[in-house]
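**Q**
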Amino acid sequence: MNAQEILKAAAAIQPEIQANRRELHKHPELGLDMVYTKPFVAGKLREMGYEPVDCGEGGLYVTVGGKKGGKCFLIRADMDALPVDEEADVDFKSENPGKMHACGHDTHTAMLLGAAKILKDAEDELEGTVKLMFQPGEETLQGAIAMVEAGVLDGVDAGMMIHAMTGMPMPKGMMVLLDGGSGMASCDQYKITVQGKGGHGAMPHLTIDPITAAAHIHVALAEIHSRELESTTFGVITSGMFHAGVAPNVIADVAEMEGTIRTGDPKVEEMLMTRVREIAETVAKAYRCEAKVEFVKHCPPMIADVAVTEAALSYMQELLGQGAQKMSTLTGSTKVAGGSEDFAFVSAKVPCTAMMLSMAGADSKYPQHHPKAVFEDDVLFHGSAAYAHVAMRWLADNK
Ligand SMILES: [Zn+2]
Ligand SMILES: [Zn+2]
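For what it's worth, the working numbering labels the leading residue of the sequence shown as 18, then goes sequentially.
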């Protein structure tokens, strides 16, 4: 099938892709807990003639092709939602209180199911194998690593992901590829526990105040960026949580801080983690406290591969013409985005490309993760066609 035939095949199943998306949207689930979603996806895949393989907690994959030998290309969708109460004005609203597909992962899952159908129909033509990865737990950064550790990348040579976007100034249906060499930030979440000695608020000399120590740690961490990083280097340290004390006249025993470190460079990531630890421990000591520093979550930077991205851009332009663009062409910038993406655990092992599908017009008001975010799903078939076409073309070019 050539590009236009694939786009036509995808357009023909748009109603089915949309129906699957709306069903998934009504039943959002969090983290690795895919009790509705996983059987739904596995059932749809079985109807198409696939044999789903369980992988990691809550994940599954299927493969198609391979009859002519060749390489293996992985295409991935994430399936999890967010702990957000939906306020969007849609008639397929979340039926699970406190949970919403506010990041559009329901659209990814439906688009990959659409690609599964197109690829199954074209199976005899495939010049290699396509592996379709359905992962849970992207928002919690648990899903991809669990599947990687369970062997989802065995035999995989390259890969691709799509993320739906809303609230962005791009025409609906446009596909934007992250530039090779750039991508999404790493994420390292820290927890600092500052241990003091609590007591009476009127007798501080008999206590060791952990709030004083933690406040100095907070200020010192904020100064790393301005004093220790080159001015053009992207690195963020945010302590978003700071808790201590129970009463105005009681000196607390302990103060807790939690935060996140973001950067696009693994070396900077290591340096920032080291400095957070050193500063917290030594500043606490200066104020007679003890600080325990834990890194509770980690995701490496997700960097797009130059060669796979250049190839994918040419395939996408066969499909959508000028409706597929590199991020730098649109924004004039190749900088790393501040958000994180746990597809990084895949892109760290095999060369990958990542693209964003605009699912709202330029006038869309609410961004991803917002309770009123809306993803207009009449362009889902662009995503299904993109998954199928890029996989087929890459396999044909890399026999
Ligand atoms: Zn998200
Ligand atoms: Zn997302």
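Glycine included, every Cβ here is placed at the ideal spot set by N, Cα and C.
Work out the CA separation of residue 47 and residue 387 for me, nearest whole Å.
**A** Roughly 16 Å separates the two Cα atoms.
**Q** Go ahead and pull the three-state DSSP assignment for residue 267.
**A** In this structure, residue 267 counts as strand in the three-state DSSP scheme.
**Q** Got a sec? Which residues, its chain only, sit under 7 Å from residue 215 by beta carbon, not counting five neighbours each side?
**A** Cβ neighbours of residue 215 beyond the five flanking positions: 224, 267, 268, 269, 270.
**Q** Do residue 3 and residue 375 have their C-beta atoms closer together than 7 Å?
**A** A question about residue 3 goes unanswered here, because the residues of the chain that appear run from 18 up to 416.
**Q** Could you give the first and the last residue of the continuous alpha helix (DSSP H) run that contains residue 315?
**A** Element bounds for residue 315: not the alpha helix (DSSP H) but the beta strand (DSSP E), 307-316.
**Q** Ends of the alpha helix (DSSP H) at residue 205?
**A** Where residue 205 is concerned, there is no enclosing alpha helix (DSSP H), although the beta strand (DSSP E) it sits in stretches over 204-212.
**Q** Leaving out five residues before and five after residue 330 in sequence, what residues of the same chain have Cβ atoms less than 7 Å from its Cβ?
**A** Closer than 7 Å at the Cβ level, and outside the excluded window around residue 330, lie 194, 341, 343.
**Q** Does residue 130 come out as helix, strand or coil in the three-state DSSP assignment?
**A** Correct three-state label for residue 130: helix.
**Q** What first and last residue would you give for the alpha helix (DSSP H) that runs through residue 176?
**A** Per DSSP, residue 176 belongs to no alpha helix (DSSP H); it is in the beta strand (DSSP E), 175-182.
**Q** Measure from the alpha carbon of residue 325 to the alpha carbon of each residue in 198, 185, 262, 190, then state which is nearest.
**A** Comparing Cα-Cα distances from residue 325 to each of 198, 185, 262, 190, the minimum goes to 198.
**Q** Beta-carbon within less than 7 Å of residue 202's beta-carbon, same chain only, minus the 5 sequence neighbours each way: which residues are those?
**A** Correct list, in chain order: 279, 280, 281, 318, 353, 354, 355, 356, 357.
**Q** What I want to know is whether the C-beta of residue 120 ends up closer than 6 Å to one or more non-hydrogen atoms of ligand 2.
**A** Yes, the Cβ of residue 120 comes within 6 Å of a heavy atom of ligand 2.
**Q** Can the beta-carbon of residue 410 be found closer than 7 Å to that of residue 332?
**A** It is a contact, given that the beta carbons lie within the stated cut-off.
**Q** Which of the three DSSP states, helix, strand or coil, is assigned to residue 386?
**A** Residue state, collapsed to three classes: coil.
**Q** For residue 346, tell me which candidate among 196, 369, 240, 397 has the shortest Cα-Cα distance.
**A** Cα-wise, what sits closest to residue 346 is 196.
**Q** Answer yes if the region 173-187 comes into contact with the region 282-296, meaning at least three C-beta pairs across the two stretches below 8 Å, and no otherwise.
**A** Counting Cβ pairs under 8 Å, fewer than three are found: no touch.
**Q** May I ask which residues mark the beginning and end of the alpha helix (DSSP H) holding residue 162?
**A** Residue 162 -> alpha helix (DSSP H) spans 160-166.
**Q** Can the beta-carbon of residue 119 be found less than 7 Å from the beta-carbon of residue 107?
**A** Contact: no.
**Q** Determine the contact status of residue 94 and residue 151, defining contact as a CB-CB distance below 7 Å.
**A** Closer than 7 Å, so yes.
**Q** Determine, using beta carbons only, whether residue 133 comes closer than 7 Å to chain B.
**A** No chain B is present in this structure, which holds just one protein chain.
**Q** Measuring alpha carbon to alpha carbon, tell me which residue in 121, 307, 85, 382 is nearest residue 17.
**A** The structure shown does not extend to residue 17, since the chain is modelled only from 18 to 416, so the question has no answer here.
**Q** When you compare only the Cα positions, how much space is there between residue 237 and residue 297?
**A** If you take the alpha carbons of residue 237 and residue 297, they lie about 8 Å apart.
**Q** Report yes if the C-beta distance between residue 137 and residue 91 is below 7 Å; otherwise report no.
**A** Not a contact, by the Cβ cut-off of 7 Å.
**Q** Pull up the distance between the alpha-carbon of residue 259 and that of residue 189, whole angstroms please.
**A** So the two alpha carbons sit approximately 40 Å from each other.
**Q** With DSSP run on the structure shown, which of helix, strand or coil describes residue 329?
**A** DSSP places residue 329 in helix when its eight states are reduced to three.
**Q** By DSSP's criteria, residue 81 is part of a beta bridge. Which residues make up the other side?
**A** Answer is 147.
**Q** Which stretch, first to last residue, makes up the beta strand (DSSP E) that contains residue 342?
**A** It spans 341-343 - the beta strand (DSSP E) in which residue 342 sits, taken as one unbroken run.
**Q** Which class does residue 155 belong to by DSSP, given the choice of helix, strand or coil?
**A** DSSP places residue 155 in coil when its eight states are reduced to three.
**Q** Is residue 128 near residue 397, with beta carbons less than 7 Å apart?
**A** Yes, Cβ-Cβ distance for residue 128 and residue 397 is below 7 Å.
**Q** Are residue 311 and residue 208 close, meaning C-beta to C-beta below 7 Å?
**A** In contact: residue 311 and residue 208 (Cβ atoms closer than 7 Å).
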